[in-house]
Structures are given as C-alpha cells and as structure tokens.
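Okay, so here's the structure we're looking at.
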Ligand code: HEM
Ligand SMILES: Nc1ncnc2c1ncn2[C@@H]1O[C@H](COP(=O)(O)OP(=O)(O)OP(=O)(O)O)[C@@H](O)[C@H]1O
Ligand SMILES: Nc1ncnc2c1ncn2[C@@H]1O[C@H](COP(=O)(O)OP(=O)(O)OP(=O)(O)O)[C@@H](O)[C@H]1O
Ligand SMILES: [Mg+2]
Ligand SMILES: [Mg+2]
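Chains as they are written, first to last, in the numbering used here: chain A, 15 to 249; chain W, 347 to 581; chain G, 347 to 581; chain F, 492 to 716; chain Y, 492 to 716.
See the structure below:
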C-alpha cells in the first residue's frame with residue numbers, strides 16, 4: 015500500500031511543480047513580455063487568467079459527465095469521486111472566470127456585469143453545477159446522493175449545448191471570438207507573443223487543474239479509506 | 347425457492363449493521379429472526395427485499411441477484427411491514443386491486459371480498475386506509491400479501507399491533523404459505539409466540555449471525571444461545 | 347392526581363370511535379387498556395393527551411379540562427407512542443435536553459447521561475435519532491418521560507418493538523412511576539404481560555367501555571369479559 | 492406491452508386520487524390565475540406593454556405553478572413509504588416515469604386551457620384567432636417541462652430542502668425551453684405565424700424527444716438508491 | 492419571561508438544525524439569485540427599464556424564495572409527529588409563533604443582504620448610496636411577510652396540497668405589503684428619500700404590528716386541531 019502510494023505521491027508533486035512553473039512563466043510572459051493590447055492597454059492581460067480558466071472549467075464539466083455516466087453504468091465508487099471532484103473544481107474555475115471577467119469588464123465596458131450571451135451562459139453553468147453540489151449535500155444516503163448527482167451530471171451536460179444555442183440566439187454582445195475563430199487561423203490577427211503567453215498560461219492551468227483534481231480525487235479516496243479503516247476497527 | 351446469502355455485510359456510515367452473514371434457506375422453512383434491539387433485523391429484511399444494497403457480499407434468490415431491471419426477482423419477494431406500504435388516500439379495496447394488478451395477479455372481485463372478510467375488514471371495504479386503526483392496517487397488509495403470493499415473505503415485527511384474532515389469522519396464513527412451498531422470515535421480539543410457530547431460528551447479535559438452527563424439541567442449544575444473546579426477560 | 351371522564355364520546359365522520367365512556371382513576375393505578383383492533387384505544391389515549399378534542403363529554407384532570415391555554419395541565423400528561431415525538435435530526439442527547447427545557451425540568455448533564463445509560467443508549471448519545479433502530483427510539487422515549495416526570499403517563503402499544511431487556515426496563519419504570527403516585531394507562535395487545543403488570547383493567551369494545559375493574563387474583567369476571575370481547579388466541 | 496399497461500395502471504391510480512380530492516388541479520389553476528394578478532400588480536403594466544409581455548408573463552406563471560405542482564407529484568408515494576412498495580414490486584421503472592410525466596402533463600394542460608383564455612380576457616387582448624397556434628407551442632414547452640421536471644422531482648425525492656432544491660436545479664436546465672417557447676409565442680403574436688421562430692420550435696422538439704427517451708432509459712437509476 | 496425564554500429555546504433548536512445542515516439558507520440564497528436570471532430572461536429587459544422595475548423584480552424574487560422557505564418552515568415538526576410532541580408540552584403557543592417567525596426572518600434577511608447588492612451589480616445600477624434606506628423598507632416588508640407567512644404556514648400545515656395552497660392564500664393577503672414596499676422603494680429610488688411614500692411606510696408598520704400581535708394571540712387556535 016504505502017509503497018504503491020509513494021510513486022503516485024511523487025508524480026503528483028512533479029505535476030504540482032510543473033503547474034507552478036508553467037503558470038509562473040505564463041504570468042511573466044503575459045505580464046511582462048507580451049505587448050499591451052492596442053485598444054485596451056494593460057488590463058487586457060487579465061485574459062491570460064480569464065480564458066485558460068474557463069477552458070479548464072469546460073474540461074472539468076466534461077469529466078463530470080464522464081464520471082457520472084461511468085458511475086451509473088459500473089457503480090464504481092471511484093467514478094463518483096471523480097465526478098464529484100471535477101464538479102467542485104469546475105465550479106471553482108467558473109467562479110474564477112467570472113471574477114476575472116468582472117474585473118476586466120469594469121475598466122473596459124464600464125460595468126461589472128452585462129447580460130450578454132456568453133456571460134449569462136457562464137453564470138448559468140455556475141448555477142447548474144452549484145445545484146449539483148447542493149443536491150449532493152442535501153441527500154443523506156450516500157449511494158442515493160451519488161446516483162442522483164450522476165443523473166444531474168449527465169442531464170446537465172447534455173442540456174448545455176441546448177442552453178448554449180438558445181442563450182446565444184437570444185442575444186450576443188460579448189467579444190466576437192478572436193482566437194478561436196472558425197475560418198481564420200489565430201496567428202493572423204493576434205500578436206504572436208500574446209498567443210505564446212496564452213498558450214503557456216493555458217498549459218499551466220491545465221497542469222494546475224490536473225494537480226488539483228488529483229489532490230481532490232485523492233481526498234475522496236482517502237475519505238473512503240478512512241471509512242473502511244474505521245469500519246474494520248469496528249469503532 | 348432457494349435463498350443463499352454469502353458474506354453479506356452492511357455498513358451505515360462507520361457502523362456495521364451486519365457483518366459477514368452466511369445463510370441458506372429453502373422452500374417450506376418458517377424462520378424466526380431474533381435478536382436484541384439494534385441487532386440488525388430490520389436491516390437484514392430490507393436487504394432481502396432489495397430495498398437497500400449490501401456494502402459487501404451477495405444475496406441470491408434462485409441464483410439471481412437484485413439489480414436495476416431484475417424485475418422477475420421482485421415478484422418473488424414480499425415485505426410485510428405493518429402499517430406501511432399502503433396508499434392512505436385509496437380505499438381498502440382500491441389498495442388491494444391496485445397492488446394485485448401491479449403484480450399481475452388476476453382475482454375475481456368475489457375473491458377479493460372474501461379475502462377482506464377473512465381478515466375481518468369486510469365492512470371497512472370502502473374506507474380510506476388513512477382512517478383505519480393500526481391493527482386494521484396490519485390486517486390489510488396481510489390480505490395484500492395473501493393475494494400477491496410472493497415466494498419469500500418477510501415480516502418485520504407484525505405482532506405488535508395485532509389483537510388475538512389477528513395473531514391467529516397471521517399465523518394461519520404463514521403456516522399455509524410455508525406448506526405451499528414458500529419461505530417466511532419473521533423478525534420479532536415476541537419470542538414465545540415465534541418459537542411455537544417457527545421451524546428454524548436465527549439469532550442476530552450486534553450484526554453477526556450467532557445462531558442458526560432448525561427447531562428441535564427440546565432445544566437446549568437455543569436456550570443457551572438465547573440466554574447468552576438475549577439477556578433478561580423476554581416472554 | 348385524579349382523572350375523571352364523563353360521558354366521553356368521539357366521532358370520526360359517521361363513525362363513533364368512542365361512545366359514552368365513564369371512568370375515574372386515581373394516583374397509583376396502573377391501568378391496562380385492552381380491546382380488539384379498532385376498539386378505540388388509540389383514540390381514547392389521544393383524547394386523554396388533549397391531542398384531539400371530544401365530540402361530547404368531558405375529561406377532567408384534577409378538576410381542570412384541556413383548553414387552549416391550559417398549559418399547566420399539559421405538564422401533567424405524557425404520551426409515549428414508540429418511535430414518535432422525537433426530532434430525527436437532533437442527536438439523542440439533544441432531544442433529551444430540548445424536551446427537558448421545554449418542560450422546565452432542570453437536570454445536570456450527569457443525570458442525563460445516567461438516564462441514557464439506564465436505557466442502554468449511552469454509547470449512542472451523539473447519534474441522530476434518524477439512525478436509531480425502532481427499539482432504540484422506544485428506549486429513548488422511555489428515557490424522555492423518565493426525565494419529564496408527568497403525573498399521568500399514557501402508552502400506546504409499547505411492547506411491540508422492545509426486546510426482553512427493554513421490556514424489563516419499561517415495566518420497572520412504570521411500576522416506579524405508579525409507586526411514586528403517578529397514574530399509567532397502557533394500551534396493549536400483549537395481554538399476558540399486561541395482566542401481570544397492571545392493577546386495573548379496562549376493556550374497550552366497539553367504542554364502549556365494557557369492563558372496568560381492579561385486579562383480583564383469581565379474576566373470573568375478567569376471564570369472562572375477555573373471552574366475550576377478545577375472542578380467539580391472544581397469548 | 493407491459494410498459495404501457497403499467498404506465499396506464501399507475502396513471503389511473505394518480506388520476507383517481509386526483510379526481511377524488513381535486514387537490515392539485517384546483518390549487519394549480521387558482522395559483523396560476525393568482526400569479527397573473529401578482530405580476531400585474533408588481534409591474535403595474537400599461538396595456539400595450541402587456542400584449543408585448545404576454546408570453547413571458549404566461550410562461551412565468553406556468554413555470555411557478557408547474558414547479559409547485561411537481562413538488563407534490565410524489566406526495567402519495569411519500570406517505571407510508573409507498574414508494575418502497577412500488578420499488579419492491581416488479582413494476583418497470585420506466586412506467587413510473589411515464590405515468591408521473593403524463594399525470595403532470597395532464598394537470599398542466601388543463602390548467603393552461605383555463606389560464607390562457609383567462610389571460611386574454613383579463614388583459615383584454617383580441618388576438619383570439621392565434622390561440623390554437625399558441626396552444627401548440629405551449630404544449631410542446633409543457634411536455635419538456637414535465638419530462639425534465641419529473642426526473643428532477645424524482646432525484647430530489649429524499650433530499651432535505653426539497654421544495655427549494657427542485658426549482659434550483661430545474662430552472663437553469665429549463666432555460667432553453669423557456670426561451671424557445673417565449674420566442675415562438677412572440678413570433679406568433681407578432682406575425683401570426685411561426686416564421687423565423689422555426690429553429691426555436693425545432694429546439695423545443697429536440698429537447699422533448701431527447702429527455703423523454705433519456706428519462707425512460709435511466710429512470711431505473713434515478714429512483715433506486 | 493416565559494414567553495421569551497421559550498421562544499429562545501425553540502429558535503435555538505431551529506438554528507441548530509439549520510447550522511448543522513445549512514439547508515434552507517444556502518438553497519434560498521441560490522434560488523433568489525437564480526430568480527433574477529429567470530426574470531431577466533423572461534422579460535428581456537433593456538437596462539433603463541430595469542432601474543424602473545427594480546423594486547418589483549426584487550420583491551417578486553423575495554416573495555417566491557420566501558414562500559418556498561415557508562414551505563419548509565415546519566419540516567422538522569412534520570417528521571415523526573413532532574408537532575404533536577410540542578402541542579403535548581406546556582409550551583406557550585405564542586412562543587412557537589415567535590420562534591418560527593424570527594427564524595424565518597433571520598433567513599430572509601440574510602438572503603436579502605446578499606441578493607440586493609448582487610442585483611445592483613448584475614443590473615449595473617449605481618445608486619449604491621440608497622441601499623441603507625432600501626434595506627430598511629425591505630426589512631419592514633419582510634417582517635410583515637414572515638409574520639403573515641408563519642401564520643399561513645401553520646394553517647396549511649396539515650392541508651393536502653400544502654405546497655400550492657400556502658402561496659394561494661398567502662399572496663392575496665400579502666398584496667398590501669407588496670404594494671407598500673414597492674411604492675416606498677420606488678420613491679426612494681426616484682427621489683432619494685421616502686417623501687410622499689410615508690403613508691405607505693406607515694401602512695407597512697401598522698401591518699407588521701397588527702399581525703405580530705394577532706399572531707401571538709391567536710396562534711393557539713391556529714395550531715391546535
Ligand atoms: C463576468 C464577465 C465575463 C465572463 C463570465 C466571461 C466569460 C467568457 C467565456 C465563457 C469565454 C470563453 C468563450 C468560449 O470560447 O466559449 C470568454 C472568452 C473571452 N473573453 Fe470573456 N467573459 C467576461 C468578461 C470579459 C471581458 C470584460 C472581456 C474583455 C473586454 C472579455 C474578453 C474575452 C476574450 C478576449 C475571450 C476570448 C474569446 C475568444 O477568442 O474566443 N471577457 N469569456
Ligand atoms: N438509516 C440508518 N442510518 C444509520 N444507522 C442505521 C440506520 N438504520 C439502522 N441503523 C443502525 O443499524 C443497526 C441495526 O439497526 P436495525 O434497525 O436493523 O435493528 P433491529 O434489529 O431492527 O432493531 P429493533 O429490534 O430495535 O427494531 C442499529 O445500530 C441502528 O442504529
Ligand atoms: N383519523 C381517523 N379518521 C376516521 N376514522 C378513524 C380515525 N382514526 C381512527 N378511526 C377509526 O376509529 C376506530 C378506533 O380506532 P383506534 O385507532 O382508536 O383503534 P385502536 O383500538 O387503537 O385499534 P388498534 O388496536 O388496531 O390500534 C376505528 O374504527 C378506526 O377506523
Ligand atoms: Mg427493527
Ligand atoms: Mg391503536
């Protein structure tokens with residue numbers, strides 16, 4: 015047990031260190047090397063936090079979906095732990111995106127919040143997955159909570175494209191995509207140095223995400239183990 | 347009809363309600379499930395009924411286990427828990443009819459009325475279950491399981507609310523059920539009654555099956571186990 | 347302590363659950379309330395407890411009747427209905443403490459713990475009531491009324507869920523309560539037990555009080571009434 | 492087919508309970524009407540504004556009424572552990588889902604059939620000829636609401652703050668339906684036909700079909716521990 | 492005084508249950524926020540319109556959140572016949588009323604303290620300096636809501652379609668409070684002070700005092716069979 019745990023712990027440590035360096039480099043690149051935006055000036059640098067964090071959150075919700083589906087299918091505790099962990103971290107990153115966006119919005123748009131499609135969608139995502147976490151915490155019986163949450167994890171995720179479409183059709187005001195534009199490669203309209211900063215910082219966020227996820231997953235596993243241990247001892 | 351339980355355990359949080367139960371039961375057995383308060387009797391019955399899932403181990407009924415979709419299995423098991431599992435706002439006979447169709451048991455209206463008469467509820471046929479006394483609800487449950495004819499019938503402390511004639515009625519039903527090849531498992535604290543009736547006795551103590559024998563006359567091993575695991579009184 | 351009932355009747359809809367009951371009880375009496383299913387025992391106890399109001403007639407406790415505002419009267423009456431009247435989401439000891447303050451009974455924490463020990467719930471002190479077995483809930487109710495010390499204690503079929511040691515405990519409590527000048531009225535179908543314990547027996551039959559006598563040894567009048575109104579078995 | 496016959500059996504039981512007491516239907520109907528008044532009072536709307544906001548007002552009323560109706564959907568099963576009695580039985584769980592969904596749908600549609608014309612009378616609108624099309628759109632939206640609502644009511648069945656938790660998880664997921672229905676209705680009211688709003692209608696239909704199928708398939712897991 | 496000490500005892504129990512689980516508070520807070528989104532979507536409001544409709548939107552959100560909160564107010568008492576246990580005891584029924592009212596009030600005020608500033612942020616209002624006065628008015632309205640709501644929750648405690656019946660009888664009775672609060676808030680928002688709306692404020696105060704007194708006096712009859 016302890017022997018098997020050691021290399022895992024070590025590789026998690028490496029992951030953490032990597033995440034930290036990548037974020038540090040990304041921040042340095044974004045805050046110092048990359049040029050300020052032509053129109054927005056220095057505040058635009060928030061983008062290096064804003065964009066990677068929402069992309070990571072999307073990934074996280076996808077993992078919630080996968081974990082939920084697997085849990086319903088196989089009934090393995092670890093899938094549930096995965097879904098739960100991913101949901102928690104996803105909520106965290108979504109909140110981070112909104113906070114960073116709001117801070118960005120204040121100087122550029124002059125408001126903390128506006129009812130544009132993408133903002134609204136992000137807020138709805140936050141609400142859905144907060145609902146997911148609340149649902150879990152409000153059901154006493156653990157296995158019942160797990161299945162209920164899994165159902166919500168699946169339905170919620172399948173609903174997102176529909177929500178996305180409808181909210182999008184409803185109104186749009188947010189920046190038109192400048193990086194992920196459909197018919198133009200990104201390097202043609204963005205300063206390459208900005209793009210590098212963004213890429214590094216995105217890599218950093220991904221590494222950070224997996225670091226946090228593995229920690230949170232480990233926490234869930236340990237909870238199970240402690241329970242099993244205490245059960246063994248018959249306390 | 348064959349019930350086999352292997353290494354069955356159930357934990358609630360940090361508490362083992364049941365631990366490593368092995369058990370084999372066969373057609374015609376009328377099993378008394380004894381044990382002090384909190385021994386795990388209700389938990390065991392709920393597991394047999396498939397209402398809760400085991401933490402470890404398995405329950406097999408004629409080789410099949412409970413799983414979502416195992417509907418044929420469900421038809422074979424009945425749980426009589428006095429005063430529960432009846433629709434309060436349907437009348438006595440509506441309840442019977444509803445459950446009979448749910449289990450696809452066709453009964454002529456006359457058979458239905460006759461069953462109600464036999465449990466002394468004939469005149470209350472069109473009363474709401476909500477307006478019955480506790481003993482009457484138990485009698486109705488007896489009638490219900492008489493009609494539904496499960497192979498394995500589980501009972502959780504049915505004596506408490508029944509009067510003398512109700513007890514006779516119940517015992518007659520249980521004897522007939524076993525004679526017809528069914529299995530009965532009845533949890534009860536009314537040791538003297540139960541001992542007369544049963545063909546087999548189990549004693550649970552702190553989640554472990556400490557006694558498991560067919561009835562003999564006299565039965566010194568039971569007396570020893572009884573005085574060890576069910577201390578004091580107990581008529 | 348003096349309970350006098352005069353021409354007490356209770357109708358539910360078109361059904362007389364109780365009809366013209368006359369009764370006088372005094373300090374120290376331990377009264378068995380017998381009768382077949384649906385005789386009206388629970389209804390009578392609820393009337394005594396002031397939870398429902400009579401259709402006609404009156405109940406007087408030391409000369410006072412139940413009315414909104416008659417709070418002193420409420421302090422004198424306790425109703426033990428197993429598994430009811432406890433907050434599921436408070437722990438065992440929180441329940442006791444809450445009800446003790448509600449009845450303004452001051453108890454040292456040590457006394458509380460001791461009472462819990464005496465009903466064998468010491469180790470479950472900090473468990474939620476929701477997680478107790480049915481017998482444990484009944485034991486907790488016993489502990490509760492031990493602390494609250496009403497003068498008139500009503501019990502509705504307490505034997506059903508108690509194991510042997512629980513029964514001893516209950517009977518010891520009831521004897522002590524009557525010896526201390528209290529009155530106990532206990533509805534039960536467990537005739538053999540109840541007859542040993544009681545000092546007085548009532549038989550209800552279809553809402554009428556058909557038997558009302560102090561215990562004698564032997565008791566031919568009871569045997570006659572019993573075989574008339576409670577036909578069949580009944581241990 | 493066993494699924495359908497079981498669905499019918501359960502639905503008949505629910506309808507019987509409802510017919511006997513008329514609890515949900517009457518209260519839902521009055522509540523829906525009441526909400527129109529509450530909105531009217533709170534927003535203090537001028538008549539021309541009302542015509543414009545009709546779809547939104549109606550849909551909000553249905554949403555809230557429906558949610559409170561959903562909170563009661565499993566009431567009969569919650570008493571006396573009757574849900575356990577159903578789970579104990581060889582009932583196809585998909586039938587339970589279909590029965591509850593259709594029961595809920597029947598109630599909602601009955602409520603709508605009364606409340607919509609009432610709205611036209613109360614706010615003195617004169618586009619009566621558009622009602623059939625509006626009903627159709629409303630119906631499609633209602634199906635989606637009932638399907639998703641039944642699933643959510645089932646998963647929150649044993650949750651603690653159930654009454655609040657249910658709308659909390661249901662409303663965000665309902666947003667496509669709300670928006671699609673409102674847009675379709677607006678279009679019908681403005682132009683007399685669906686026209687531009689056709690993609691919205693397709694969204695609505697897609698939603699209904701996807702979640703109805705999903706519901707039948709996964710209700711097993713939804714309802715069992 | 493026995494009334495107050497008993498109130499405190501009951502309130503402590505309710506707060507203990509709430510602190511342990513944090514059911515109602517968190518769900519109410521999120522639900523309140525969610526409602527802002529739902530309203531926004533349904534009405535598709537242009538920014539200038541929002542400023543005008545602020546009081547109505549806020550109050551509708553509080554009304555619905557509060558009503559769903561009320562539906563759970565006696566949840567702990569409904570399990571296990573605990574209400575009977577209280578009625579059996581020598582508890583002053585007025586204390587039960589006061590305890591439940593204040594518990595509800597505490598929850599509502601906490602929710603409002605979060606939701607009101609959030610509203611200002613979301614809808615980009617800049618009249619932050621008026622918040623204290625708006626809080627005061629909202630508080631008075633909330634007191635009235637909680638007082639009346641607790642009485643109605645107690646009356647509908649054993650009713651069948653409880654979840655729907657409660658708002659059905661509560662909302663019409665709440666209309667004076669809603670109107671008064673909205674008027675007062677509008678005035679504050681428009682002129683920066685109460686000014687003309689003083690009579691409304693007096694109505695609000697009068698309502699609170701009358702129903703609070705009434706509640707303590709008649710709760711006996713309300714709660715007993
Ligand atoms: C609370 C406020 C905000 C929220 C919730 C928010 C949310 C989002 C989301 C969800 C994305 C990812 C879009 C996608 O690809 O699906 C995004 C991207 C982006 N946001 Fe924001 N945003 C906010 C404020 C802002 C502000 C104020 C600005 C700058 C004026 C901004 C600039 C951007 C940019 C440049 C991207 C990358 C767009 C692309 O190339 O795809 N955001 N934002
Ligand atoms: N839902 C639950 N959550 C946590 N613990 C539980 C739960 N149900 C039962 N337990 C615990 O499991 C143990 C066994 O309980 P169970 O109800 O099976 O006992 P029992 O033999 O039926 O007792 P009784 O004779 O009192 O009815 C007890 O210690 C009980 O506290
Ligand atoms: N709430 C009610 N509404 C209508 N009728 C009722 C109600 N409660 C009880 N009854 C009827 O009143 C009569 C007496 O019921 P009660 O519960 O008092 O009987 P009991 O003596 O306690 O019976 P048991 O031994 O079965 O518990 C019964 O006929 C019953 O059907
Ligand atoms: Mg038990
Ligand atoms: Mg009774």
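Yeah, the Cβ is synthetic: ideal placement off N, Cα and C, and Gly gets one too.
Since we're looking at a predicted model, the values are computed, not measured.
Own chain partners of residue 679 (chain F) with C-beta closer than 8 Å, once the 5 adjacent residues on each side are dropped: Within its own chain, the residues whose Cβ lies closer than 8 Å to the Cβ of residue 679 (chain F), once the five positions on either side in sequence are excluded, are 621, 624, 625, 628, 685, 688, listed in chain order.
Residues, ordered as in the chain, of the region 606-618 of chain Y that lie near chain D by beta-carbon distance below 7 Å: Looking at the structure shown, chain D is missing, and the protein chains on hand are A, W, G, F and Y.
Near-chain G residues of the region 399-431 of chain W (beta-carbon distance less than 7 Å), N- to C-terminal order: none
Interface partners of residue 532 (chain G) on chain W, CB under 8 Å: Here the premise fails: no neighbours, minimum Cβ distance about 13 Å.
By C-beta, the residues closer than 7 Å to any heavy atom of ligand 5, given in chain order: Residues close to ligand 5 by the beta carbon criterion (under 7 Å to any non-hydrogen atom) are, from first to last along the chain, W:479, W:480, W:481, W:507, G:387, G:388, G:502, G:503, G:533.
Residue 44 (chain A) beta carbon near ligand 1 (any heavy atom closer than 7 Å): no
Opening and closing residue of the beta strand (DSSP E) in which residue 367 (chain W) lies: Looking at the DSSP string, the run of the beta strand (DSSP E) that includes residue 367 (chain W) is 361-372.
Span of the alpha helix (DSSP H) around residue 457 (chain W): 455-464
Chain-ordered residues of the region 490-512 of chain G with a beta carbon less than 7 Å from chain Y: none
Contacting residues, own chain, Cβ-Cβ under 8 Å from residue 205 (chain A) (five flanking each side not counted): 48, 49
Member of F:674, F:592, F:517 whose CA lies at the smallest distance from the CA of residue 634 (chain F): F:592
Within 8 Å, strictly: CB atoms of residue 623 (chain W) and residue 376 (chain W): For residue 623 (chain W) there is no data in the structure shown, the boundaries of chain W being 347 and 581.
Residue 498 (chain Y) - DSSP class collapsed to helix/strand/coil: Note: residue 498 (chain Y) maps to helix in three-state DSSP.
Inter-residue Cα distance where the pair is residue 121 (chain A) and residue 138 (chain A): 24 Å
N-terminal and C-terminal residue of the alpha helix (DSSP H) that residue 566 (chain F) is part of: 566-569
Members of the region 138-159 of chain A near chain W, C-beta cut-off 7 Å: For the region 138-159 of chain A, the set of residues with a beta-carbon nearer than 7 Å to any beta-carbon of chain W comprises 157, in chain order.
C-beta contact flag for residue 670 (chain F) and residue 532 (chain Y) at 8 Å: One thing to note: residue 670 (chain F) has its Cβ within 8 Å of the Cβ of residue 532 (chain Y).
Run of the beta strand (DSSP E) containing residue 532 (chain W), from where it starts to where it stops: 529-533
Other residues of its chain near residue 707 (chain F): CB distance less than 7 Å, five sequence neighbours each side excluded: 585, 588, 589
Proximal residues to residue 563 (chain Y) (C-beta, below 7 Å), its chain only, five neighbours per side dropped: The beta carbon of residue 563 (chain Y) lies closer than 7 Å to those of 515 in the same chain, with the five residues before and after it left out.
7 Å Cβ cut-off: residues of chain W touching residue 237 (chain A): What residue 237 (chain A) touches in chain W: nothing, since even the nearest Cβ is about 12 Å away.
CA nearest to the CA of residue 574 (chain Y), picked from G:463, G:378, G:397: Looking at the Cα atoms, G:397 is the closest of the given residues.
Closest residue to residue 537 (chain W) among W:484, W:379, W:469 (Cα-Cα distance): W:379
Bounding residues of the beta strand (DSSP E) (the contiguous stretch that carries residue 649 (chain Y)): Where residue 649 (chain Y) is concerned, there is no enclosing beta strand (DSSP E), given that its DSSP letter is neither H nor E.
Within chain A, partners of residue 713 (chain F) - CB distance below 8 Å: 161, 162, 165
Bridge partners - residue 570 (chain W), DSSP secondary structure assignment: Answer by DSSP bridge pairing: none, since residue 570 (chain W) is not bridged.
Best match in F:641, F:604, F:646 for proximity to residue 630 (chain F) [C-alpha to C-alpha]: Nearest of F:641, F:604, F:646 to residue 630 (chain F), Cα basis: F:604.
Residues that residue 500 (chain Y) contacts on chain G, provided the C-beta gap is smaller than 8 Å: 444, 447, 448
Chain G contact residues for residue 441 (chain W), given Cβ-Cβ distances below 9 Å: By Cβ distance, chain G contributes nothing, its closest Cβ being about 17 Å from residue 441 (chain W), past 9 Å.
Distance between residue 608 (chain F) and residue 392 (chain G) (C-alpha atoms, nearest Å): 50 Å
Integer-rounded CB distance, given that residue 33 (chain A) should sit under 8 Å from residue 152 (chain A): In fact, because the Cβ distance is near 33 Å, the residues do not count as touching under 8 Å.
Terminal residues of the alpha helix (DSSP H) in which residue 709 (chain F) lies: 689-714
Proximity of residue 349 (chain W) and residue 395 (chain W) at Cβ, strictly below 8 Å: no
Chain Y contacts from the region 127-138 of chain A (Cβ-Cβ distance under 9 Å): 127, 128, 129, 134, 137, 138
For residue 557 (chain W), the residue or residues it bridges with in DSSP: W:549
The region 403-420 of chain W in contact with the region 538-552 of chain F per 3-pair CB rule at 8 Å: no
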